[in-house]
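>
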Amino acid sequence: ELKVEQNPLFLSMQEGKNYTIYCNYSTTSDRLYWYRQDPGKSLESLFVLLSNGAVKQEGRLMASLDTKARLSTLHITAAVHDLSATYFCAVDSNSGYALNFGKGTSLLVTP
Amino acid sequence: KAGVTQTPRYLIKTRGQQVTLSCSPISGHRSVSWYQQTPGQGLQFLFEYFSETQRNKGNFPGRFSGRQFSNSRSEMNVSTLELGDSALYLCASSVGPKEYTEAFFGQGTRLTVV
């Protein structure tokens, strides 16, 4: 069974600080996705990582993928309140055509 | 460009009833997948359709079913509703080829079973 584990599950951080969210998965996959979800809203696609060593950045967020370690990271630089949301990583399932999601990391950025 | 549209946005049903949810994918997208999101279980895959064919199915009972029409619109049906079926049901569409399956999600249908 494919497992996707995120940590931490909850994160409270001050504005201006840096932090990293980790996503470990149990299958050999070279495709990993990061999504953001605001309360009561749908999932917004943040990053699509398609190969080992892939690194993508958008604003204060940077995602990377190490397929050998089966690990992806989402790094937050100089956090601002607008980044408060739940962040999910997801991996293609072994059986195909489906995403297996982690439990999500609930991020709260405080002044 | 219009996004993924799900209807209705909210539903309240009674135990034992059945419900049908609808999803219209992004124009040109031929793959539609469905997910159930609950606080306890998180996001779980229900099924995926491509060109009217179900390509994958998650680990849900037979009460959950779906279909896709020739215009790529999809419906999912839940029969004999149980309290535990209360959830946010999300539909996602993607272009279709396996090699690039970035999925774009709709706003979801919030189903409450009482």
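Protein sequence lines, in the order shown, are assigned to chains A and B.
Per the working numbering, numbering of the first sequence is gapless, rising by one per residue and ending at 111.
Per the working numbering, numbering of the second sequence is gapless, rising by one per residue and ending at 1114.
For glycine and all other residues, C-beta sits at the position ideal for the given N, C-alpha and C.
If you're wondering where the values come from, they're calculated on a predicted model, not measured in any experiment.
Around the Cβ of arginine 1009 of chain B, are there at least 16 other Cβ atoms within 10 angstroms (buried) or fewer (exposed)?
Within the second sequence, residue 1009 of chain B is the residue found at index 9, counting from 1. So arginine 1009 of chain B counts as exposed.
> Using a C-beta to C-beta distance shorter than 7 Å, which residues of chain B count as neighbours of glycine 104 of chain A?
Here the question's residue 104 of chain A lines up with position 104 in the first sequence. What glycine 104 of chain A touches in chain B: Gly1042.
> Work out the CA separation of serine 106 of chain A and tyrosine 35 of chain A for me, nearest whole Å.
On the first sequence, position 35 is the one that residue 35 of chain A refers to. On the first sequence, position 106 is the one that residue 106 of chain A refers to. Using only the alpha carbons, I get a separation of about 12 Å.
> Can you have a look at phenylalanine 1069 of chain B and say buried or exposed, based on whether 16 or more other CB atoms are within 10 angstroms of its CB?
One-based indexing of the second sequence puts residue 1069 of chain B at position 69. Exposed: under 16 other Cβ atoms inside 10 Å.
> DSSP three-state call for histidine 81 of chain A: helix, strand or coil?
Residue 81 of chain A sits at position 81 when you count from the first residue of the first sequence. Looking at histidine 81 of chain A - three-state DSSP - the assignment turns out to be helix.
> Hey, out of B/Gly1058, B/Thr1080, B/Ser1072, B/Asn1056, whose CA is closest to threonine 1005 of chain B's CA?
Numbered from its first residue, the second sequence carries residue 1005 of chain B at position 5. Out of B/Gly1058, B/Thr1080, B/Ser1072, B/Asn1056, B/Ser1072 has the C-alpha closest to the C-alpha of threonine 1005 of chain B.
> Would you say arginine 1055 of chain B reaches chain A, if we count a Cβ-Cβ gap shorter than 9 Å as a contact?
By one-based count along the second sequence, residue 1055 of chain B stands at place 55. For arginine 1055 of chain B, the answer is yes, since a Cβ of chain A falls inside 9 Å of its Cβ.
> Check whether the Cβ atoms of leucine 1043 of chain B and tyrosine 1035 of chain B sit closer than 9 Å, and answer yes or no.
Taking the first residue of the second sequence as position 1, residue 1043 of chain B is located at position 43. Taking the first residue of the second sequence as position 1, residue 1035 of chain B is located at position 35. Yes, the Cβ-Cβ distance between leucine 1043 of chain B and tyrosine 1035 of chain B is below 9 Å.
> Excluding five sequence neighbours on each side, which residues of the same chain lie with their C-beta closer than 6 Å to the C-beta of lysine 3 of chain A?
Here residue 3 of chain A is taken as the residue at index 3 of the first sequence, counted from 1. Excluding residues within five positions, the ones whose Cβ falls inside 6 Å are Ser26.
> Is it the case that the stretch 1076-1083 of chain B contacts the stretch 1013-1023 of chain B, given that we only count it when at least three CB pairs across the two stretches are under 8 Å?
Yes: the two stretches touch, three or more of their Cβ pairs being nearer than 8 Å.
> Step through the CB atoms of chain B and report whether any lies within less than 9 Å of the CB of phenylalanine 88 of chain A.
Sequence index remark: in the first sequence, residue 88 of chain A carries index 88 (1-based). Yes, phenylalanine 88 of chain A counts as interfacial toward chain B.
> On the DSSP bridge assignment, give the partners of glutamate 58 of chain A in chain order.
Position 58 of the first sequence, counting from 1, holds the residue named residue 58 of chain A. Bridge partners of glutamate 58 of chain A: A/Leu61.
> Measure from the alpha carbon of asparagine 1056 of chain B to the alpha carbon of each residue in B/Arg1063, B/Phe1047, B/Gly1108, B/Gly1028, then state which is nearest.
As a first step, residue 1056 of chain B is located in the second sequence; it is residue number 56 there, counting from the start. Asparagine 1056 of chain B has its Cα closest to that of B/Phe1047, out of B/Arg1063, B/Phe1047, B/Gly1108, B/Gly1028.
> Just reading off the beta strand (DSSP E) that serine 1093 of chain B is part of, what are its end residues?
The residue labelled residue 1093 of chain B in the question sits at position 93 within the second sequence. Element bounds for serine 1093 of chain B: 1087-1094.
> Could you tell me which chain A residues have their CB closer than 7 Å to the CB of phenylalanine 1105 of chain B, listed as they occur along the chain?
Taking the first residue of the second sequence as position 1, residue 1105 of chain B is located at position 105. The answer, in chain order, is Ser42, Leu43.
> Span of the beta strand (DSSP E) holding glutamine 1017 of chain B?
Within the second sequence, residue 1017 of chain B is the residue found at index 17, counting from 1. Careful: glutamine 1017 of chain B lies outside any beta strand (DSSP E) and carries neither H nor E.
> Of all the options A/Asp30, A/Gln6, A/Ser42, which has the alpha carbon lying nearest to the alpha carbon of leucine 50 of chain A?
As a first step, residue 50 of chain A must be located in the first sequence, where it is residue number 50. Cα-wise, what sits closest to leucine 50 of chain A is A/Asp30.
> So is glutamine 37 of chain A buried or exposed if we call it buried at 16+ other beta carbons inside 10 Å?
Here the question's residue 37 of chain A lines up with position 37 in the first sequence. The residue is buried, with at least 16 neighbouring Cβ atoms inside 10 Å.
> Smallest Cα separation from tyrosine 33 of chain A: which of A/Leu46, A/Lys103, A/Leu83?
Position 33 of the first sequence, counting from 1, holds the residue named residue 33 of chain A. Here the closest residue by C-alpha is A/Leu46.
> When we look at the beta-carbon of leucine 1111 of chain B and count the other beta-carbons within 10 Å, is it buried (16 or more) or exposed?
As a working note, residue 1111 of chain B is residue 111 in the second sequence. Result: buried.
> For asparagine 98 of chain A, which residues in chain B fall below 8 Å Cβ to Cβ?
On the first sequence, position 98 is the one that residue 98 of chain A refers to. At residue 98 of chain A the sequence reads alanine, which differs from the asparagine that was named. Ordered by position in chain B, the residues that pass the 8 Å Cβ test against alanine 98 of chain A are Ser1033, Phe1045, Glu1048, Asn1056, Gly1058.
> Please list, in chain order, all residues of the same chain as methionine 13 of chain A whose beta carbon is under 8 Å from its beta carbon, the five residues on each side excluded.
Taking the first residue of the first sequence as 1, we reach residue 13 of chain A at position 13. Cβ neighbours of methionine 13 of chain A beyond the five flanking positions: Tyr19, Ile76, Ala79, Leu107, Leu108, Val109, Thr110.
> So that I know if they touch, is there some Cβ in chain A lying closer than 9 Å to that of glutamate 1052 of chain B?
Indexing the second sequence from 1 puts residue 1052 of chain B at position 52. Chain A contact via Cβ: absent.
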